[in-house]
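For the record, the sequence lines run as chains A and B. Position 141, counted from 1, in the first sequence is what full-length UniProt numbering calls 141; the numbers after and before it change by one each time, with no gaps. Position 57, counted from 1, in the second sequence is what full-length UniProt numbering calls 57; the numbers after and before it change by one each time, with no gaps. Quick reminder that beta carbons are idealized off the backbone N, C-alpha and C, glycines included. Because the structure is a prediction, the values reported are computed rather than measured.
There are 2 protein chains.
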Amino acid sequence: MSTRAEVLDLAVLGRLATAPMHGYELRKHLGATLGPVRALSYGSLYPSLRRLTDAGLIAEVRTATTPPHALSGRRARIVYELTDAGRVHLAEVLAHAEPAAWDDDAFTVRFTLFAATDARTRLRILEGRHARMVERLDLLRGSAARTRERMDSYTAELARYGLEQAEREVAWLEDLIDTERGTRGPLDLRPATDGGPPRTSTAGATGVPDIPNPKEQL
Amino acid sequence: MSTRAEVLDLAVLGRLATAPMHGYELRKHLGATLGPVRALSYGSLYPSLRRLTDAGLIAEVRTATTPPHALSGRRARIVYELTDAGRVHLAEVLAHAEPAAWDDDAFTVRFTLFAATDARTRLRILEGRHARMVERLDLLRGSAARTRERMDSYTAELARYGLEQAEREVAWLEDLIDTERGTRGPLDLRPATDGGPPRTSTAGATGVPDIPNPKEQL
DNA sequence: TCTGCCATGTAAGCCGTTACATGATTTT
DNA sequence: AAAATCATGTAACGGCTTACATGGCAGA
Numbered sequence: 001m002s003t004r005a006e007v008l009d010l011a012v013l014g015r016l017a018t019a020p021m022h023g024y025e026l027r028k029h030l031g032a033t034l035g036p037v038r039a040l041s042y043g044s045l046y047p048s049l050r051r052l053t054d055a056g057l058i059a060e061v062r063t064a065t066t067p068p069h070a071l072s073g074r075r076a077r078i079v080y081e082l083t084d085a086g087r088v089h090l091a092e093v094l095a096h097a098e099p100a101a102w103d104d105d106a107f108t109v110r111f112t113l114f115a116a117t118d119a120r121t122r123l124r125i126l127e128g129r130h131a132r133m134v135e136r137l138d139l140l141r142g143s144a145a146r147t148r149e150r151m152d153s154y155t156a157e158l159a160r161y162g163l164e165q166a167e168r169e170v171a172w173l174e175d176l177i178d179t180e181r182g183t184r185g186p187l188d189l190r191p192a193t194d195g196g197p198p199r200t201s202t203a204g205a206t207g208v209p210d211i212p213n214p215k216e217q218l
Numbered sequence: 001m002s003t004r005a006e007v008l009d010l011a012v013l014g015r016l017a018t019a020p021m022h023g024y025e026l027r028k029h030l031g032a033t034l035g036p037v038r039a040l041s042y043g044s045l046y047p048s049l050r051r052l053t054d055a056g057l058i059a060e061v062r063t064a065t066t067p068p069h070a071l072s073g074r075r076a077r078i079v080y081e082l083t084d085a086g087r088v089h090l091a092e093v094l095a096h097a098e099p100a101a102w103d104d105d106a107f108t109v110r111f112t113l114f115a116a117t118d119a120r121t122r123l124r125i126l127e128g129r130h131a132r133m134v135e136r137l138d139l140l141r142g143s144a145a146r147t148r149e150r151m152d153s154y155t156a157e158l159a160r161y162g163l164e165q166a167e168r169e170v171a172w173l174e175d176l177i178d179t180e181r182g183t184r185g186p187l188d189l190r191p192a193t194d195g196g197p198p199r200t201s202t203a204g205a206t207g208v209p210d211i212p213n214p215k216e217q218l
């Protein structure tokens with residue numbers, strides 16, 4: 001679960017769990033949810049489908065309406081669906097929260113699959129991500145303070161903007177965590193050993209609108 | 001100026017223009033300005049120094065205080081400085097603003113070198129970047145609107161956050177542009193042909209603090 | 001008819017991180 | 001005395017983007 005390819009595979013598997021799809025469609029959907037900006041290329045998508053097929057986690061759908069390679073509508077589209085093994089594997093992966101789950105790219109993918117993740121795991125991932133971002137924020141603040149005098153205005157402004165962005169992401173995560181806890185963050189007793197921040201609590205009413213009771217497993 | 005390596009080379013060249021430095025130091029500085037998060041690895045830095053040396057744009061400094069490979073302090077550190085050709089080349093690159101200059105990574109590097117860039121080029125790069133981000137923002141809004149119904153709360157929340165971030169970057173750029181123009185944006189007459197936005201103007205007093213009169217060329 | 005979108009793949013090139021190799025100096 | 005930091009490189013592996021190959025269908 002640490003390599004890029006594995007993260008992509010998880011995204012594909014998770015998307016196919018919702019509905020069977022063919023490659024082209026999948027690309028559009030993933031591009032939409034993971035950021036329309038970096039629409040992943042076929043050069044990585046199709047190999048991913050191949051890997052998952054070889055692993056027996058997904059399989060081509062063969063229905064009466066789509067005879068294999070026949071001259072039915074358009075070109076022979078290959079629709080993929082999860083196999084039973086795929087369902088089991090997905091459930092297993094979604095059930096535990098390793099540190100790899102809060103890496104930059106993995107976190108986004110895991111977050112888009114929160115609807116199929118149980119509440120405890122969701123919380124643990126959010127907290128892990130939060131800790132990671134706070135750590136990063138401290139680094140930023142430190143280096144900004146250290147080099148402030150030596151920087152020209154533009155470099156300083158860039159640093160300021162970067163800091164602002166990081167602070168906002170931390171605040172966003174805190175909102176999400178509060179919402180998940182349901183407690184709306186009265187006061188949490190984290191030991192200050194690990195660099196836990198004093199909780200600035202910029203959090204407003206910006207939390208997740210309406211969280212459904214998600215199906216516990218998949 | 002489009003490949004990643006060229007962008008990195010520019011960053012290195014620009015940094016060395018300010019002060020001669022050795023590789024290890026360079027890595028720290030670049031890591032600090034371009035984001036302490038992704039401290040670039042030696043695996044890309046040293047090859048870059050090699051390329052620039054081969055191209056004759058930088059050269060090792062040989063001073064009396066640092067005899068080559070002798071047992072003077074520490075290990076033989078190789079300090080690099082710009083050659084005359086390097087200075088000329090840097091000035092040329094910084095003088096013009098191609099579309100490649102507002103790509104994600106290139107923009108950051110160009111921005112950190114704004115102190116050595118003339119005002120007109122600065123403005124053109126900021127405007128190019130702004131147009132790019134507005135375009136991206138429209139894409140985001142479009143796909144968000146299209147898929148809103150089909151999304152679960154978490155995916156929707158992620159999309160909302162992404163949109164918010166993009167809006168903030170656009171606002172940031174507008175602030176910078178206004179500051180550069182000196183006019184503080186009374187009303188600019190852009191034709192609506194190109195998808196120019198109605199200028200929401202969230203811009204407050206968040207602009208660049210004090211922009212110095214930068215040395216015009218390097 | 002031609003452009004553009006749908007649709008699936010493959011191959012190559014680029015490049016960046018990671019790990020390894022080496023060794024001195026400073027700090028704990 | 002060990003650990004961390006300074007310091008410079010090389011090699012290999014991973015993997016993503018880009019371009020190419022192919023072809024059907026729909027609308028202008």
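Name, in chain order, the residues that DSSP records as bridge partners for residue i.
i: A:Ala-59; result: A:Glu-81
i: A:Met-151; result: Bridge partners of A:Met-151: none, in fact.
i: A:His-22; result: A:Val-79
Take the Cβ of residue i as the centre, count every other Cβ of all protein chains shown within 10 Å, and call the residue buried at 16 or more, exposed below.
i: B:Arg-4; result: exposed
i: A:His-96; result: exposed
i: A:Gly-43; result: exposed
i: A:Gly-162; result: buried
i: A:Asp-175; result: buried
i: A:Gly-182; result: exposed
i: A:Arg-27; result: buried
i: A:Glu-149; result: exposed
i: B:Glu-106; result: Sequence inspection shows Ala at residue 106 of chain B; the Glu mentioned does not correspond to that position. Burial call: buried.
i: A:Ser-48; result: buried
i: B:Glu-180; result: buried
i: A:Ala-19; result: exposed
i: B:Arg-120; result: exposed
i: residue 254 of chain B; result: Here chain B comprises residues numbered 1 to 218, so residue 254 of chain B is not present and cannot be evaluated.
i: B:Arg-50; result: exposed
i: B:Arg-62; result: exposed
Excluding the 5 residues flanking residue i on each side, which residues of the same chain have their C-beta closer than 7 angstroms to its C-beta?
i: A:Leu-30; result: Ala-11, Arg-15 and Leu-40
i: A:Ala-85; result: Gly-56 and Leu-57
i: A:Leu-45; result: Gly-23, Leu-26 and Arg-27
i: B:Glu-169; result: Met-133
i: A:Leu-173; result: Leu-126, Arg-129, His-130 and Met-133
i: A:Leu-52; result: Asp-9, Val-12, Leu-13 and Ile-58
i: B:Glu-167; result: Leu-137
i: A:His-89; result: Leu-57
i: residue 222 of chain B; result: There is simply no residue 222 of chain B to check, as chain B begins at 1 and stops at 218 in what is shown.
i: B:Val-7; result: Asp-105, Ala-106 and Val-109
Residues in its own chain within less than 8 angstroms of residue i by CB, not counting five upstream and five downstream?
i: A:Arg-160; result: Ala-144
i: B:His-22; result: Arg-77, Ile-78, Val-79 and Tyr-80
i: B:Arg-124; result: Ala-97
i: B:Met-151; result: Ala-159
i: A:Thr-83; result: Gly-56, Leu-57, Ile-58 and Ala-59
i: A:Leu-140; result: Ala-159, Gly-162, Leu-163 and Ala-166
Just to confirm my understanding: we take residue i, look at its own chain, exclude 5 residues before and 5 after, and list those with CB closer than 6 angstroms. What are they?
i: B:Thr-33; result: Thr-112
i: B:Arg-132; result: Trp-102
i: B:Thr-117; result: Leu-94
i: A:Phe-114; result: Arg-122
Is there at least one non-hydrogen atom of the ligand ZN closer than 7 angstroms to the beta-carbon of residue i?
i: A:Ala-11; result: As presented, the structure is devoid of all ligands, the ligand ZN included, so that no description of it is given.
Margin query: With three or more C-beta pairs closer than 8 angstroms as the rule, is the stretch 90-105 of chain A touching the stretch 127-139 of chain A?
Written below: yes
Next item on the list: Report yes or no: do the stretch 134-144 of chain B and the stretch 156-167 of chain B share at least 3 C-beta pairs separated by less than 8 angstroms?
Entry: yes
Next item on the list: Could you name the residues of the stretch 149-163 of chain A whose beta carbon sits closer than 8 angstroms to any beta carbon of chain B, in the order they occur along the chain?
Entry: Met-151, Asp-152, Ser-153, Tyr-154, Thr-155, Ala-156, Glu-157, Leu-158, Ala-159, Tyr-161 and Gly-162
Next item on the list: Closer than 7 angstroms, Cβ to Cβ, to anything on chain A: give me those residues from the stretch 111-144 of chain B, in chain order.
Entry: Phe-111, Thr-112, Phe-114, Ala-115, Arg-136, Leu-139, Leu-140 and Ser-143
Check: Going along the stretch 161-180 of chain A in order, which residues come within less than 7 angstroms of chain B, judged by CB to CB distance?
Finding: Tyr-161, Gly-162 and Trp-172
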